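To keep things clear, I will list the structure first and then write my remarks on it.
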Amino acid sequence: MRSLGLLWLSFRLGALNAIRYRADFMVQLFQSLIGLGIALGGIAVVFSQTDQLGGWRQEELIALIGVFMLVGGLIAVVIRPSMEQLMEGVRLGTLDFTLTKPADAQLLVSVKRVEIWRLVEVVLGAALIVLAMVQLGERVSLERVAAFAVTMLAGMAIVYSFLLILSTLAFWLVRLENILVIFHSMYEAGRWPVGIYPPWLRATLTFVVPVAFAITVPVEALVGRLEPATLVGSLLLAVAFLIASRWFWRLGLRHYTGASA
Amino acid sequence: MRGLPLRQLVDVYRAKFRAEIALQFAYRWALAIWLLGLLLQPIVYLVVWTTVARSQGGTVGGFSARDFAAYFTIFMVVNQLTFTWHYWEFEWRVRQGFFSPLLLRPIHPLHNDLAENVTFKLLTFTVVAPVAVLLLVTFNASLNPSPWQVLAFLPALVFAFALRFLLEWTLALAAFWLTRVTAINQAYYLAVVFLSGQMAPLELLPEAVQVIAAVLPFRWMVAFPVETVLGRLSPMEVAVGLAAQLIWIGLALGLLRFGWRAGVRRYSAVGA
Chain D
2 MRSLGLLWLS
12 FRLGALNAIR
22 YRADFMVQLF
32 QSLIGLGIAL
42 GGIAVVFSQT
52 DQLGGWRQEE
62 LIALIGVFML
72 VGGLIAVVIR
82 PSMEQLMEGV
92 RLGTLDFTLT
102 KPADAQLLVS
112 VKRVEIWRLV
122 EVVLGAALIV
132 LAMVQLGERV
142 SLERVAAFAV
152 TMLAGMAIVY
162 SFLLILSTLA
172 FWLVRLENIL
182 VIFHSMYEAG
192 RWPVGIYPPW
202 LRATLTFVVP
212 VAFAITVPVE
222 ALVGRLEPAT
232 LVGSLLLAVA
242 FLIASRWFWR
252 LGLRHYTGAS
262 A
Chain W
33 MRGLPLRQLV
43 DVYRAKFRAE
53 IALQFAYRWA
63 LAIWLLGLLL
73 QPIVYLVVWT
83 TVARSQGGTV
93 GGFSARDFAA
103 YFTIFMVVNQ
113 LTFTWHYWEF
123 EWRVRQGFFS
133 PLLLRPIHPL
143 HNDLAENVTF
153 KLLTFTVVAP
163 VAVLLLVTFN
173 ASLNPSPWQV
183 LAFLPALVFA
193 FALRFLLEWT
203 LALAAFWLTR
213 VTAINQAYYL
223 AVVFLSGQMA
233 PLELLPEAVQ
243 VIAAVLPFRW
253 MVAFPVETVL
263 GRLSPMEVAV
273 GLAAQLIWIG
283 LALGLLRFGW
293 RAGVRRYSAV
303 GA
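Chains as they are written, first to last, in our numbering: chain D, 2 to 262; chain W, 33 to 304.
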């Protein structure tokens with residue numbers, strides 16, 4: 002409960018902060034629409050030359066872009082800015098202020114900064130998913146929606162843990178601002194179903210940089226081609242990732258030497 | 033600000049070159065990470081388009097899987113050699129008063145970035161080049177340019193770099209007027225992805241988009257040298273392209289001079 006309270010507080014602070022730069026909202030909207038246009042344009046270009054890509058229909062790929070934006074937006078709203086802040090905090094020693102607060106430090110650093118305007122992307126992504134489902138004209142059963150929600154949550158947990166692990170590396174290595182680029186560039190590969198990639202890349206996107214679980218798997222759940230084994234695997238991996246990242250964070254924290262470093 | 037004599041300018045570059053090499057080696061991890069992302073991108077598009085080509089019985093719009101392999105690999109090399117990152121740093125630079133010491137030096141701050149950029153390219157090219165060869169071989173790319181195409185590729189590449197550097201440095205100047213430019217930068221970056229041929233060869237895009245890419249500088253910043261060396265352009269088209277590059281470089285230089293003068297007047301060295 003208290004964690005939720007903290008999350009809400011940081012959202013409110015983020016919103017207050019963002020309202021000072023209201024023009025940013027328009028720029029963000031503009032930018033998200035450009036991103037959307039380009040993603041849909043990319044699909045349109047591909048499907049002007051073919052009618053299926055590795056067994057995926059156009060509407061299914063549009064739903065995939067929806068999830069891509071939804072998850073990407075959620076990451077951009079709170080996870081990435083907070084992780085960037087964390088790494089800066091380690092470098093400058095300002096993490097001291099966070100550590101002295103009477104709450105779980107991992108939670109605090111994870112919701113430290115909120116970029117509220119990026120919610121635009123979340124909304125657009127959700128709208129796109131609905132639109133694609135309507136276009137597919139399939140009756141989406143409650144079961145599928147539930148599977149979608151579960152795999153989505155698991156995917157978010159995996160991505161969050163992964164980013165936390167990457168950011169925690171900052172305790173050992175200097176000038177790591179661009180380490181999140183690893184994730185960002187791998188995430189771009191998630192615009193397309195991981196099934197089309199050659200085996201080595203598919204394995205990387207599934208197990209090393211687990212983009213597949215955050216994007217492809219939820220979409221599979223939604224369009225009804227999810228294997229029960231994948232669902233279970235996704236949940237197990239999420240739990241494993243959460244535990245591993247927690248452990249790694251604690252290990253990293255022990256290496257933190259404070260403001261004088 | 034008056035320019036330095038050329039000899040002194042060369043010395044400045046040499047010093048900057050040494051410092052930058054040392055700096056990059058100190059942060060070799062950051063460099064490795066960055067390279068990884070860079071190399072992944074062409075593979076993604078390569079895979080998507082190869083999949084399409086296969087499902088269409090071998091070719092799409094005159095591109096076979098082997099042509100795509102050549103296109104996206106060469107594109108990666110050209111993109112790597114021409115890209116700049118300075119416009120991502122300007123917001124911070126203006127806020128932190130970075131320009132204050134630079135403005136006191138008798139040399140345009142542009143030279144600082146240009147030297148940094150060229151050094152970084154030379155350093156990373158030692159990795160990018162073998163990886164490009166590896167990709168060409170692995171995906172069995174069809175790349176056999178005639179001598180004149182290779183010859184034309186070189187000036188096209190240099191002009192593309194000059195154009196992109198000047199334009200993106202001009203874009204960066206927006207930071208003098210706006211406190212937050214990240215959104216603008218991202219919008220620009222997305223336009224580059226689409227219009228410079230990164231997502232698909234421009235030939236495969238709708239006619240209207242091709243026209244936009246050619247009227248605006250985007251095609252001339254990356255796609256054009258790639259198309260040249262892939263042998264997809266006639267000698268006449270190459271000549272026209274080189275001319276378009278030169279015209280845009282002239283325009284960009286004018287914009288940059290004007291923007292810089294106006295921008296420096298706005299600059300109040302906040303935080304310095």
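Just so it is clear, CB atoms sit at the ideal spot from N, CA and C, and this is done for glycine as well.
Given the structure is predicted, the values throughout are model-derived calculations rather than measurements.
Cβ-Cβ separation between F191 of chain W and L146 of chain W: approximately 15 angstroms, too far for a contact (criterion under 8 angstroms).
The criterion of a C-beta distance shorter than 8 angstroms is not satisfied by V110 of chain W and V272 of chain W. Counting only unbroken stretches of 4 or more residues, the alpha helix (DSSP H) elements lying wholly within the segment 171-215 of chain W are 179-204, in sequence order.
Around the beta carbon of W201 of chain D, fewer than 16 other beta carbons sit within 10 angstroms, so the residue counts as exposed.
Here S142 of chain D carries a coil assignment [DSSP, helix/strand/coil]. Listed along chain W, no residue sits closer than 9 angstroms to Q59 of chain D by beta-carbon distance, the nearest being about 12 angstroms off.
Not one beta carbon of chain W lies nearer than 8 angstroms to the beta carbon of P82 of chain D.
Listed along chain W are R212, each with a C-beta nearer than 7 angstroms to that of Y22 of chain D. Against chain W, a Cβ distance below 7 angstroms from G42 of chain D picks out F226. When only Cα atoms are considered, G94 of chain D and G94 of chain W end up about 57 angstroms apart. Around the beta carbon of P103 of chain D, fewer than 16 other beta carbons sit within 10 angstroms, so the residue counts as exposed. Rounded to the nearest angstrom, the gap between the Cα atoms of P187 of chain W and V163 of chain W is 23 angstroms. Think of a sphere of 8 angstroms around the beta carbon of I197 of chain D: the chain W residues whose beta carbon falls inside it are V79, V80 and T83, in chain order.
Each of W:L189, W:P133 and W:S96 was checked against the Cα of A173 of chain W, and the nearest Cα belongs to W:S96. For the pair W292 of chain W and A276 of chain W, the CB atoms are not nearer than the 8 angstroms cut-off.
L199 of chain W places its beta carbon less than 8 angstroms from that of P249 of chain W. Contact check for V213 of chain W against E123 of chain W passes: the beta carbons are separated by less than 8 angstroms. DSSP places F130 of chain W outside both helix and strand once states are collapsed to three, so it counts as coil.
Classified as exposed, S300 of chain W has fewer than 16 neighbouring CB atoms from the shown chains inside 10 Å of its CB. Setting aside the 5 residues that flank it on each side, V47 of chain D is surrounded in the same chain by L54, each with a C-beta closer than 7 angstroms to its C-beta; the list follows chain order. One thing to note: L120 of chain D has its Cβ within 8 angstroms of the Cβ of G74 of chain D.
As computed with DSSP, V258 of chain W is found in no beta bridge at all. Assignment of T83 of chain W by DSSP, reduced to helix, strand and coil, places it in the helix class. Note on W193 of chain D: 16 or more other CB atoms within 10 angstroms of its CB, so buried under the neighbour-count rule. Listed in chain order, the non-local C-beta contacts of F214 of chain D below 6 angstroms within the same chain comprise G156, I159 and S235, local neighbours out to five positions each way being set aside.
DSSP, reduced to helix, strand and coil, places T231 of chain D within a helical segment of the structure shown. By the criterion of at least three beta-carbon pairs nearer than 8 angstroms, the segment 106-114 of chain D is not in contact with the segment 54-66 of chain D. Between the C-alpha atoms of V233 of chain D and F163 of chain D there is a straight-line separation of about 19 angstroms. Rounded to whole angstroms, the gap between the alpha carbons of L167 of chain D and L132 of chain D is 35 angstroms.
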